[in-house]
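Under the numbering used here, the sequence shown has 133 at position 111, and the numbering climbs by one with no breaks.
C-beta atoms are modelled at their ideal positions from N, C-alpha and C, and glycine is treated no differently.
These numbers were taken from a predicted model, which means no experiment stands behind them.
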Amino acid sequence: MRRFLFLSVVMFIVLTGNLFAQNSMETVLTKSKVQLNAGTGFYSGGFPVYAFMDFTISPDWTVGPQINFVFYDNFSFVVSGRADYHFNSLLNIPSAWDLYAGATMGIDFSRRTTFSSGIHVGGRWYWDKTWGLNVEIGGGTYFSSTIGVSMKL
């Protein structure tokens, strides 16, 4: 069921992108620009509140820090780094949309400090030049599905 939901979201993003996108095919990512993302969702380890930044290092690649506060029976604090590949140029996706996949690695500061890692796939829809909606699904140390807002700085 989760795979079906994930594939449905990805197909919706790809197939309907042309209907809602701006006419210009400018890239979503401009080198040396930053995107700030924050939101909430569901983790297999509890209820998360997250924030991360994407620093554009090329038109297709971003890297940046991520912080998660996870609330469950106990409080968990996860600090990680992430790297993402953005498929917009490869798939010729309109600039209002951003489809990406990547990996995270970091440290989970819960009752005992442990290593945390995972992979994820996500998408953004920018309703104007600054603000957007972000949806992401991932797996690894924790399964996660998150939703939040993105802001281009």
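- In the structure shown, residue 121 falls within a strand segment according to DSSP collapsed to helix, strand and coil.
- In the three-state reduction of the DSSP assignment, residue 113 falls in the helix class, which pools H, G and I.
- Distance from residue 107 to residue 90 at the Cβ level is roughly 21 angstroms; contact not present, criterion being Cβ atoms closer than 8 angstroms.
- Residue environment: residue 65 is assigned as buried (16 or more neighbouring CB atoms within 10 Å of its CB, all protein chains considered).
- In this structure, the alpha-carbon of residue 125 lies about 17 angstroms from that of residue 146.
- Contact annotation: the stretch 165-173 touches the stretch 56-63, with at least three C-beta pairs closer than 8 angstroms.
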